[in-house]
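Some notes on the structure that comes next.
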Amino acid sequence: MRVLPDVSGIDRCFDYLVPDELGDQVRVGTVVRISLHGRRVGGWVVADHVAPPPGVRLLALAKVTGWGPPPDLVELSAWAAWRWAGRRAALLGAATHERAVPTLAPSGAPPPVAGGPLDGLAAEVAHRIGREPVCVVRLPPASDPYAVVQAVCRRGPTLVLAPGVRQAAHLGLRLRRAGATVAVLPRDWPRARAGGAHVVGSRAAAWAPVDPLSGVVVLDEHDESYQEERAPTWHARDVALERARRAGVPCVLVSAVPTLEALAAGVLLTASRAEERAGWPVVDVVDRSQDDPVRGGLLSERLGPLLRGERRVVCVLNRTGRSRLSACDRCGRVARCETCQAAVVHTADGSLACLRCATRRPLVCDHCGSTVLRNLRAGVTRVREELEALARRPVVEVTAATAGTSLPDAGVYVGTEAVLHQVDRADVVVFLDLDQELLAPRYRAAEQALGLLARAARLLGGRDRGARGGGEPGRLVLQTRLPNHEVVQAALHADPARVAAAEHERRSLLRFPPAAALASVSGAAAGDYVAALGRPLGVEVLGPDDGHWLVRATDHRTLCDTLAATPRPAGRLRVEVDPLRI
DNA sequence: CGGACAAGCTGA
DNA sequence: CAGCTTGTCCGG
């Protein structure tokens, strides 16, 4: 047996003998313990009937721990280790239950899923998945994707991915109520391994066993939580696509705002224009291009009546703290750090702090000594105070720091994008400074901004939302100096294709994914590694920028072959293939 | 990763 | 030169 040890720092296999009494328990994927260099470590069987290298005396496996991934996922882990330039053990770890699984309960095989006739887009999906390997279903934010899931599940055991554990659990419940056998990952891993069940889960479930795999659905395909943040930075959507391709089964990518990666992978199916419009809220564009940039502030006149009513309002501002940029009211100079010249932020305790080098100083202009500083870029904490004055009712601040705590009930919330995860419904969502998203110095900024708008749209429901909210449609208010930006126009016209078209052109021109393949290389050993890459045809190296290099290649094959062919120098090194935030 | 072993440094 | 640290190598 060939075994890959689960030890960071060892990314190679060793051969062992299988004792006769364990023979029937050991197959490709089995989790075992082995003696390696005098110590006992865990590992996976990755091949059997191997010819060991000549001249080595084989040891016997020390123990069989239990069930691991099936052979197809063991093979997929080798592909993913290449694709994301990482250790194979990290991927096999994702494909394995966290606790030992010594035995499996026998699987029954009851009817996979019940349900009535499908209509509209779901019927179209049911029809097309027979002939298209990959379908991209653009479902407006307020639409329920359940019928699409159902359409795929009818074919047999299906892998369904949702961006969060909550959504996955909810979906599992609905499928069960419809009479299906469902394993909700990670809890029901042993049941999934036994086979005959649909499997639902979040990112890691891309590695869940499904037997026999009959189809794959990825919900909210654009959601960035599908990418693992630690290296190897594998993406559940791409793992799902490859799994489906290898198994020869359909893969359905669902999103209100499909990524260019998804659109490049399959055929696009959309609802009718009328249906798509109905699934987006009413959008109010507050054009601030004529407002004074310094004195205008973040709260336009349009907000007053919305805030003072009875409606539940969520305001989004992706800046924490009180002020991210201040200028002296007397001499007009921007407040900067005297040590490193970065802009200083105004902290809650009333001092100025540099986020780059941690220097602090009192609230004084370092040029003219004035103590009056004007707030040019208010953060959430400051805006909460201003909103409360304007709304004349309590305003609750929500940031990533308040996640997991129960939010106080209030009529108005203000927060970073975390507020869109923590509040589950709203009558009005206001993006106080959408330009910050539109102009963010990241190549995916437009897609990411539209993703935020889609998430906000889901809190609001469609423009035809029924009984709840007193019949008034939800409103999405966008404060911007760029009213003609394609992201604003896409939301306004419920037409995400406007962003896709503009982005496709831009990324082709600038050679950003999916028009090229990228990897970000950082860490103390990054320089040595990048030097060792050489300059193969079709590969270029950019940087370093702040200790990060970018490796760009014409396609993933070229990029990943080059990365795989380069030995890793000693020292810290992070290779991030397909970085989302650059 | 972590044990083994070798080479380098310190103090008597 | 013992006793310790630091570095490099390698595992079936």
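For the first sequence, the positions run 24 to 605 when the working numbering is used.
Think of the CB as a built atom: it goes at the ideal place given N, C-alpha and C, for glycine as much as any other residue.
Predicted model, so just to flag it, every value in this text is computed and none were measured.
Evaluate Ala490 with the Cβ neighbour count: other Cβ atoms within 10 Å of its Cβ, from every protein chain shown; 16 or more gives buried, anything less gives exposed. To locate residue 490, count along the first sequence from 1; it is residue 467. At Ala490, the pLDDT of 45 sits below 50, so the modelled position is not reliable and the matter cannot be decided from this model.
As assigned by DSSP and simplified to three states, the class of Cys338: The count along the first sequence starts at 1 and reaches residue 338 at position 315. It is a strand residue.
Rounding to the nearest angstrom, what Cα-Cα distance links Asp29 and Asp601 in this structure? Counting from 1 along the first sequence, the entry for residue 29 is found at position 6. Counting from 1 along the first sequence, the entry for residue 601 is found at position 578. Roughly 25 Å between the two C-alpha positions.
Quick one: Cα of Pro76 to Cα of Thr585, how far? The residue given as residue 76 occupies position 53 in the first sequence. The residue given as residue 585 occupies position 562 in the first sequence. Straight-line measurement puts the Cα of Thr585 at about 27 Å from the Cα of Pro76.
Would a C-beta distance cut-off of 8 Å place Ala433 and Val451 closer than the cut-off? Sequence index remark: in the first sequence, residue 433 carries index 410 (1-based). Sequence index remark: in the first sequence, residue 451 carries index 428 (1-based). Their beta carbons are not under 8 Å apart, which means Ala433 does not touch Val451 by this criterion.
Where Val357 sits in the DSSP three-state scheme: The residue labelled residue 357 in the question sits at position 334 within the first sequence. Val357 carries a strand assignment under DSSP once its states are collapsed to helix, strand and coil.
Rounded to a whole number of angstroms, what is the C-alpha to C-alpha distance between Pro592 and Arg110? The residue given as residue 592 occupies position 569 in the first sequence. The residue given as residue 110 occupies position 87 in the first sequence. Going by the C-alpha atoms only, they are around 15 Å apart.
DSSP puts Glu563 in a beta bridge; with which residues? Within the first sequence, the letter at position 540 stands for residue 563. Answer is Arg575.
Can you check whether the CB of Glu155 is closer than 8 Å to the CB of Gly289? For the purposes of this step, residue 289 is identified with residue 266 of the first sequence, where counting begins at 1. For the purposes of this step, residue 155 is identified with residue 132 of the first sequence, where counting begins at 1. With respect to Glu155, Gly289 sits close: the two C-beta atoms are nearer than 8 Å.
If Ser295 and Asp243 are in contact, beta carbons under 8 Å, what's the gap, nearest whole angstrom? Position 272 of the first sequence, counting from 1, holds the residue named residue 295. Position 220 of the first sequence, counting from 1, holds the residue named residue 243. Their Cβ separation, rounded to whole angstroms, is 21 Å, which puts Ser295 and Asp243 out of contact at 8 Å.
Neighbourhood of Ser393 by C-beta distance below 6 Å, restricted to the same chain and skipping five residues each side: Taking the first sequence and counting its residues from 1, the one referred to as residue 393 is at position 370. So the list reads Cys351 and Arg353, once near-sequence residues are dropped.
Where does the unbroken alpha helix (DSSP H) through Ser100 begin, and where does it stop? Position 77 of the first sequence, counted from the first residue, corresponds to residue 100. Judged by DSSP secondary structure, Ser100 falls within the alpha helix (DSSP H) whose first and last residues are Pro94 to Arg106.
Along the chain, which unbroken stretches of the alpha helix (DSSP H) at least 4 residues long are found entirely within the stretch 161-193? Within the stretch 161-193, the runs of alpha helix (DSSP H) that reach at least 4 residues and sit entirely inside it are, in chain order, 169-176.
Beta-carbon proximity check, Ala128 vs Ala228, cutoff 8 Å: If you number the first sequence from 1, residue 128 lands on position 105. If you number the first sequence from 1, residue 228 lands on position 205. Result no, Cβ atoms of Ala128 and Ala228 do not sit closer than 8 Å.
Which residues share a DSSP beta bridge with Ala206? On the first sequence, residue 206 is found 183 positions in, with the first residue counted as 1. Per DSSP, the beta bridge partners of Ala206 are Val222.
Leaving out five residues before and five after Asp387 in sequence, what residues of the same chain have Cβ atoms less than 6 Å from its Cβ? One-based indexing of the first sequence puts residue 387 at position 364. The amino acid at residue 387 is misidentified as Asp; the sequence shows Val. Sequence-distant Cβ neighbours of Val387 in its own chain, meaning closer than 6 Å and more than five residues away, are Thr394.
Where Cys380 falls: helix, strand or coil (DSSP): Locating residue 380 in the first sequence gives position 357, counting from the first residue. Annotated three-state conformation of Cys380 is coil, per DSSP.
Out of Pro496, Cys274, Arg331 and Ala74, which one is the CA nearest neighbour of Arg260? Counted from its first residue, the first sequence places residue 260 at position 237. Residue Cys274 holds the alpha-carbon nearest to the alpha-carbon of Arg260 among Pro496, Cys274, Arg331 and Ala74.
Identity of the residue in Ala414, Arg416, Arg266 and Ala441 nearest Gly427 by Cα: Taking the first residue of the first sequence as 1, we reach residue 427 at position 404. Here the closest residue by C-alpha is Ala441.
Selection from Leu198, Ala192, Ala513 and Pro559 that minimises the alpha carbon distance to Arg226: By one-based count along the first sequence, residue 226 stands at place 203. With distances taken between Cα atoms, Arg226 lies closest to Ala192.
Put Leu114 into one of helix, strand or coil per three-state DSSP. Here residue 114 refers to the residue found at position 91 when the first sequence is read from its first residue. In the three-state scheme derived from DSSP, where H, G and I count as helix and E and B as strand, Leu114 is classed as helix.
Here's a check: name, in chain order, each residue in its chain whose Cβ is nearer than 8 Å to the Cβ of Leu162, leaving out the five neighbours to either side. Counted from its first residue, the first sequence places residue 162 at position 139. Taken in chain order, the residues that qualify are Leu144, Pro168, Val171, Val277, Ser278, Ala279, Ala294 and Gly302.
Between which two residues does the beta strand (DSSP E) carrying Gly143 extend? Taking the first residue of the first sequence as 1, we reach residue 143 at position 120. Gly143 -> not in any beta strand (DSSP E); alpha helix (DSSP H) instead, spanning Gly143 to Arg151.
Less than 8 Å separating the beta-carbons of Leu84 and Val41? Taking the first sequence and counting its residues from 1, one reaches residue 84 at position 61. Taking the first sequence and counting its residues from 1, one reaches residue 41 at position 18. Here Leu84 is near Val41, since their CB atoms are less than 8 Å apart.
Among Arg331, Arg405, Leu499 and Ala463, nearest to Thr416 - alpha-carbon criterion: Numbered from its first residue, the first sequence carries residue 416 at position 393. With the sequence shown as reference, residue 416 is identified as Arg, and Thr is not the correct amino acid for it. Closest option to Arg416, judged by alpha-carbon separation, among Arg331, Arg405, Leu499 and Ala463: Arg331.
Are Ala539 and Arg580 closer than 8 Å when you measure CB to CB? As a first step, residue 539 must be located in the first sequence, where it is residue number 516. As a first step, residue 580 must be located in the first sequence, where it is residue number 557. Taking 8 Å as the Cβ cut-off, Ala539 and Arg580 do not qualify as a contacting pair.
So Thr88 and Val54 are supposed to be a Cβ contact under 8 Å. How far apart are they, rounded? For this step, residue 88 is matched to residue 65 along the first sequence. For this step, residue 54 is matched to residue 31 along the first sequence. For a cut-off of 8 Å, the C-beta gap from Thr88 to Val54 is around 4 Å, short enough to register as a contact.
If Glu599 sits next to Thr256, beta carbons under 8 Å apart, how far is it from one beta carbon to the other, in whole angstroms? What you label residue 599 is simply residue 576 of the first sequence in a count that begins at 1. What you label residue 256 is simply residue 233 of the first sequence in a count that begins at 1. A Cβ-Cβ distance of about 5 Å is found for the pair Glu599 and Thr256, placing them in contact under the 8 Å criterion.
Quick one: is Ser531 buried, meaning 16 or more other Cβ sit within 10 Å of its Cβ, or exposed? Residue numbering aside, residue 531 sits at position 508 when the first sequence is read from its first letter. Its Cβ having fewer than 16 others within 10 Å, Ser531 is exposed.
In the DSSP output, which residue or residues are listed as bridge partners for Thr293? As a first step, residue 293 is located in the first sequence; it is residue number 270 there, counting from the start. Residue pairing from DSSP places Thr293 in a beta bridge opposite Arg161.
Hey, how far is the Cα of Gly187 from the Cα of Ala424? The count along the first sequence starts at 1 and reaches residue 187 at position 164. The count along the first sequence starts at 1 and reaches residue 424 at position 401. Approximately 18 Å between the Cα atoms of the pair.
Suppose only complete runs of 3+ residues qualify. What are the beta strand (DSSP E) ranges in the stretch 484-567, listed by chain order? Here the runs fully enclosed are 498-503 and 540-545.
Through-space distance from Ala101 to Gln190, alpha-carbon basis: In the first sequence, counting from the first residue as 1, residue 190 sits at position 167. In the first sequence, counting from the first residue as 1, residue 101 sits at position 78. Cα to Cα, the separation comes out at about 30 Å.
Backbone CA spacing between His245 and Glu324 [nearest angstrom]: One-based indexing of the first sequence puts residue 245 at position 222. One-based indexing of the first sequence puts residue 324 at position 301. His245 and Glu324 have their C-alpha atoms some 34 Å from each other.
Beta-ladder partner(s) of Asp310, from DSSP: Taking the first residue of the first sequence as 1, we reach residue 310 at position 287. DSSP lists Thr503 as partners of Asp310.
Residue interval of the beta strand (DSSP E) (run including Pro213): Taking the first sequence and counting its residues from 1, one reaches residue 213 at position 190. In the DSSP assignment, Pro213 falls outside any beta strand (DSSP E) and within the unbroken alpha helix (DSSP H) covering Trp212 to Ala217.
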